[in-house]
Amino acid sequence: MSENFIEIKDLRFSYINDLEDPPVKTEVLKGVTLNIKKGEFVAVLGHNGSGKSTLAKCINAINLPESGGVYVAGMDTIDEMNLLPIRQRVGMVFQNPDNQIVATIVEEDVAFALENMGVAPDEIRRRVDEALKAVGMYEYRMHAPHKLSGGQKQRVAIAGIIAMRPDCILLDEPTAMLDPKGRQEVMKTIKMLNEQGVTIVLITHYMEEAAQAERVVVIDGGEVVMDDVPRKIFSQVEKMKSLGLDVPQVTELAWELQKAGYDISTEIIDEDECVAKLAELLQK
Amino acid sequence: MAIIKTEGLTYVYGEGTPFRKVAVDHVDLEIEKGDFAGIIGHTGSGKSTLIQHFNGLLKPTSGSVYIDGEKLWDDKAKLRPVRFKVGLVFQYPEYQLFEETVYKDIAFGPKNMGLDEKEIDRRIKETARLVGIPHDILKKSPFELSGGQKRRVAIAGVMAMEPEVLILDEPASGLDPKGREHILGMIKEYHKEKGNTVLLVSHSMEDIARNVNKILVMNDSKLFCYEETAKVFHRSKELADMGLAVPQVTRVFDRLKAMGIELDEDVYTVKFGRDLLLDKLSKRKAEQN
Chain A
1 MSENFIEIKD
11 LRFSYINDLE
21 DPPVKTEVLK
31 GVTLNIKKGE
41 FVAVLGHNGS
51 GKSTLAKCIN
61 AINLPESGGV
71 YVAGMDTIDE
81 MNLLPIRQRV
91 GMVFQNPDNQ
101 IVATIVEEDV
111 AFALENMGVA
121 PDEIRRRVDE
131 ALKAVGMYEY
141 RMHAPHKLSG
151 GQKQRVAIAG
161 IIAMRPDCIL
171 LDEPTAMLDP
181 KGRQEVMKTI
191 KMLNEQGVTI
201 VLITHYMEEA
211 AQAERVVVID
221 GGEVVMDDVP
231 RKIFSQVEKM
241 KSLGLDVPQV
251 TELAWELQKA
261 GYDISTEIID
271 EDECVAKLAE
281 LLQK
Chain B
1 MAIIKTEGLT
11 YVYGEGTPFR
21 KVAVDHVDLE
31 IEKGDFAGII
41 GHTGSGKSTL
51 IQHFNGLLKP
61 TSGSVYIDGE
71 KLWDDKAKLR
81 PVRFKVGLVF
91 QYPEYQLFEE
101 TVYKDIAFGP
111 KNMGLDEKEI
121 DRRIKETARL
131 VGIPHDILKK
141 SPFELSGGQK
151 RRVAIAGVMA
161 MEPEVLILDE
171 PASGLDPKGR
181 EHILGMIKEY
191 HKEKGNTVLL
201 VSHSMEDIAR
211 NVNKILVMND
221 SKLFCYEETA
231 KVFHRSKELA
241 DMGLAVPQVT
251 RVFDRLKAMG
261 IELDEDVYTV
271 KFGRDLLLDK
281 LSKRKAEQN
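Protein chains in written order, with the numbering used here: chain A, 1 to 284; chain B, 1 to 289.
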C-alpha cells in the first residue's frame, strides 16, 4: 500500500500560443513535486486557472512535461512507448458527461475502450456487466445515454473507465454539472471504487467533497501550496479564503465561534462533529 | 402588480408520442415586480421548461402566461417586445459569445432593440461597470478572456437590454468559490441598483440561501411553493425528501433542534447561524453568572 503509484518531480509545463507572432508562452505549472501512493484518495483544490486540470492531464500523458518528470507506476510519460500502458492504468473522467459518451446504447458505450484494447468478446461482456453493476447502472444497460440524467451519464462514463480495470482514476470536476442527487451518486461511486483499492485523484470545487478524501492538495499559481489531511487543510480558514477557496460550512461556523472567543476547534469538517460540539457548548 | 402571472400553466413534451411527458403541470403563480427569487428543484422537475414560458420561448399546451398584465400568445406580434422585457441568460452563456469585440457583443441585444448609438454606448459602459469588466477589455476579442470574464460579458449582454425581468439559469456553475461569489454579488448589485425582478435558477442551496428573498420550488412538474426564503427553509425536511440538498448549516441546526435544544429560528446561512449561536451562548453565560 505504501509504494508511490504516481511520482511527479519538479514538473514544469507551459501552453504556447503560436497564433501570435512571436508565440506567447504561458507558464502554468511552475515546479510541481507530488507523490501519490497506490490506493490513496486525493482531492485537488485550486481556483480556476490555478493549473489543476493541466496537472491531471500531465498524469495520463495528454500533456507532456516541459521539464521535470511524471512517472506512472514507474513509467515515464515522455516515452511514447509508455503512452498506451499509462492510459490503460490511469483513466480520466471529465466534467461534461455529454462529451464523453460515444455510443447510442449504454452497454456499447462502456464496451468502447475494451473493443479498442482488443479484449476478447466474452471477457468484454463480463467486464461491461461488472462495471455497470459497480456504478449501479446495470438496469439501464440497454438504454439510450441521452435519455439519462446527468448523474447517470457520469456514472456510465465512470463505468467505461472501470471496465478497463485501471489502477487509478483521475476525475476532473466530475460533479460540476450535476444536481445534488447526481453529485451524491457520483461521490458514492468514487468512494466505493477507492475502497476496492483504486487510486483516486479528484479535482473539485466542492469543499464538502474534498473533505471526504484522505488527503487534500491545494494548487495555486502552478505550485503545490498545501498538502495534508482535509482536517488540517480546512482548519486554516483564512488561508483557504485568501487562495480564493472556501471551507465546509461547518468549519466556517466553528471558525466564527472561535473568533468570538469560544472554545471550539476549526478542525471540525463534518456535520456529526459539528453537531456534537455545538450541543456540548449549548448544554454546558 | 404581478410582473409574471401564470394560470393553470401546463406544458407537455412529445404529445401523441410514446415519450409524452408533462413537464409543467397546472402551475398558478404570481411573481411581484422587484422580487429577487431563487428557483430550485431536482433535475427534470420542470424549472427550465417553466422559465422558458416567461419570455415566450415555449407556448403553453394549456393555461396562460401574463407578463406585466399582458397575456402572451394572444397576438404573436406582441412576443417580440416581451423578449426585450424578459431577459433570459442560459447555462454556460459564454458559449454564445460571437462578436469581434466585447463591446460589440454586449451591444448586440440593445442594437436589436433599435436603440441609438449614444444610448447603446451608455448601457454598455454601465453594464460593464456593473459586471466588473474594465474599460480596456471592451476592445478585446471575447475569446481572449478567461472563463469567468467571458461569463460576465455574456451576462452583461442581457443586462444591457435592461429587461424588467432578468432570469439566469445556473449563472455560477463550473466556477470556483471566488468566481461564484463574484457573479452572484454582481447579480445582487444589479438587483439593488435597478430594482428589477431577478430570477435565479440554481442547484446550490448555499448560493440561493445567501442571496434571494423568495424561493420558488418545483417538484415533479408541479409548483411546490413560492414563498419567503425563511419559510421555505422551515420546510427543510420536505425539501430533503424531494432530493434537494439543504445547506449543510441548516442540517446541523435541524439536528440540534431534534436533540431538544431550543432554537427558535431556521438557519440557512453561516452568518445567521453564528449570530443565533452567539446570542444564545451569551445569554447562557449571563444566566450562569
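Cβ atoms here follow ideal geometry from the backbone N, Cα and C, with glycine treated the same way. If you're wondering where the values come from, they're calculated on a predicted model, not measured in any experiment.
Do you know how far the Cα of residue j is from the Cα of residue i?
i                 : j                 : result
Met1 of chain A   : Arg215 of chain A : Here the model assigns Met1 of chain A a pLDDT of 44, short of 50, so the residue's position is not dependable, and the following value carries that caveat. For Met1 of chain A and Arg215 of chain A, the distance between alpha carbons rounds to 15 Å.
Met177 of chain A : Ala56 of chain A  : 19 Å
Ala43 of chain A  : Val218 of chain A : 8 Å
Gly197 of chain A : Ile62 of chain A  : 24 Å
Met186 of chain B : Ile51 of chain B  : 21 Å
Phe98 of chain B  : Lys139 of chain B : 14 Å
Gln96 of chain B  : Gly87 of chain B  : 15 Å
Val32 of chain A  : Val90 of chain A  : 19 Å
Thr43 of chain B  : His234 of chain B : 22 Å
Ile200 of chain A : Lys188 of chain B : 38 Å
Gly174 of chain B : Arg284 of chain B : 43 Å
Gly150 of chain A : Met81 of chain A  : 36 Å
Val275 of chain A : Leu79 of chain B  : 53 Å
Asp121 of chain B : Leu19 of chain A  : 31 Å
Thr250 of chain B : Thr269 of chain B : 7 Å
Arg152 of chain B : Gln95 of chain A  : 21 Å
Asp25 of chain B  : Ser45 of chain B  : 10 Å
Asp241 of chain B : Val232 of chain B : 14 Å
Gln184 of chain A : Trp73 of chain B  : 41 Å
Leu263 of chain B : Arg210 of chain B : 20 Å
Thr10 of chain B  : Gly63 of chain B  : 6 Å
Val225 of chain A : Pro247 of chain B : 29 Å
Leu58 of chain B  : Ile183 of chain B : 28 Å
Leu144 of chain A : Thr104 of chain A : Note that residue 144 of chain A corresponds to Ala in the displayed sequence, not to Leu. So the alpha carbons of these two residues sit roughly 5 Å apart.
His47 of chain A  : Leu243 of chain A : 7 Å
Lys9 of chain A   : Pro174 of chain A : 26 Å
Ala245 of chain B : Asp179 of chain A : 9 Å
Leu200 of chain B : Asp75 of chain B  : 28 Å
Lys71 of chain B  : Pro81 of chain B  : 12 Å
Asp136 of chain B : Ile106 of chain B : 14 Å
Leu166 of chain B : Glu7 of chain A   : 49 Å
Going by the DSSP bridge assignment, what does residue i pair with across the sheet?
i                 : result
Gly69 of chain A  : A:Lys9
Ala37 of chain B  : B:Leu199 and B:Lys214
Val86 of chain B  : B:Val165
Cys274 of chain A : None, per the DSSP bridge assignment.
Ser265 of chain A : According to DSSP, Ser265 of chain A bridges with nothing at all.
Lys259 of chain A : According to DSSP, which records beta bridges pairwise, Lys259 of chain A is partnered with nothing at all.
Thr199 of chain A : A:Cys168
Tyr95 of chain B  : DSSP lists no partner for Tyr95 of chain B.
Asn17 of chain A  : A:Val24
Arg215 of chain A : A:Val42
Gly91 of chain A  : A:Ile169
Met75 of chain A  : A:Val72
Glu7 of chain B   : B:Ser64
Ala2 of chain B   : B:Glu32
Tyr13 of chain B  : B:Lys21
Glu223 of chain A : A:Asp220
Asp348 of chain A : A query on residue 348 of chain A cannot be resolved here, the shown segment of chain A reaching from 1 to 284 and no further.
Val27 of chain B  : B:Leu9
Asn194 of chain A : Note: Asn194 of chain A sits in no beta bridge, so no partner.
Asn4 of chain A   : A:Lys37
Quick one: does residue i have its CB under 8 Å from some CB of chain D?
i                 : result
Ser265 of chain A : The displayed structure is made up of protein chains A and B, and chain D is not among them.
Give the C-beta separation of residue i and residue j to the nearest angstrom, bearing in mind that I take them to be a contact with Cβ-Cβ under 8 Å.
i                 : j                 : result
Met75 of chain A  : Ile59 of chain A  : Between Ile59 of chain A and Met75 of chain A the Cβ distance is about 11 Å, and since that is not below 8 Å, they are no contact.
Phe41 of chain A  : Val28 of chain A  : Their Cβ separation, rounded to whole angstroms, is 25 Å, which puts Phe41 of chain A and Val28 of chain A out of contact at 8 Å.
Val106 of chain A : Val156 of chain A : 6 Å
Of all the alpha helix (DSSP H) runs that stay within the bounds of the region 169-234 of chain B, which reach a length of 4 or more residues?
177-194, 205-211 and 229-234
Threshold first: 3 residues or longer. Then list the beta strand (DSSP E) segments lying entirely within the region 23-64 of chain A, N to C.
24-37 and 41-45
Segments of 4+ residues assigned as alpha helix (DSSP H) that fall wholly inside the region 105-145 of chain B:
117-131
Would you list, in chain order, the members of the region 26-58 of chain A that have their beta-carbon closer than 7 Å to a beta-carbon of chain B?
His47, Asn48 and Gly49
Of the residues that make up the region 178-200 of chain B, which ones have a beta carbon closer than 7 Å to any beta carbon in chain A?
Lys178 and Gly179
Segments assigned beta strand (DSSP E), at least 3 residues, entirely inside the region 130-174 of chain A:
168-172
Taking only beta carbons into account, state which residues of the region 183-210 of chain A come closer than 7 Å to chain B, listed in chain order.
His205 and Glu208
Could you give the uninterrupted runs of the beta strand (DSSP E) lying entirely in the region 47-88 of chain B, keeping only those of 3 residues or more?
62-67
Contact residues within the region 249-263 of chain A, judged by C-beta distance below 8 Å to chain B
Gln249, Val250, Glu252, Leu253, Glu256, Leu257, Ala260 and Tyr262
Of all the residues that make up the region 241-272 of chain B, which are near chain A by a beta-carbon distance shorter than 7 Å?
Gly243, Leu244, Ala245, Pro247, Gln248, Val249, Arg251, Val252, Arg255, Leu256, Met259, Ile261 and Val270
Taking a cut of 7 Å between CB atoms, which residues from the region 98-109 of chain A lie near chain B?
none
The region 166-180 of chain A: positions lying closer than 7 Å to chain B by Cβ:
Ala176, Met177, Asp179 and Pro180
Between the region 152-180 of chain B and chain A, which residues of the former have CB atoms less than 7 Å from a CB of the latter, in chain order?
Ser173, Gly174, Leu175, Asp176, Pro177, Lys178 and Gly179
Let me know the beta strand (DSSP E) ranges lying completely inside the region 239-282 of chain B, each 3 residues or longer, listed in chain order.
none
Taking a Cβ distance cut-off of 9 Å, strictly less, list which residues of the region 202-231 of chain B are near chain A, in chain order.
His203, Ser204, Met205 and Glu206
Residues of the region 133-156 of chain A with a CB closer than 7 Å to any CB of chain B: list them in chain order, please.
Ser149 and Gly150
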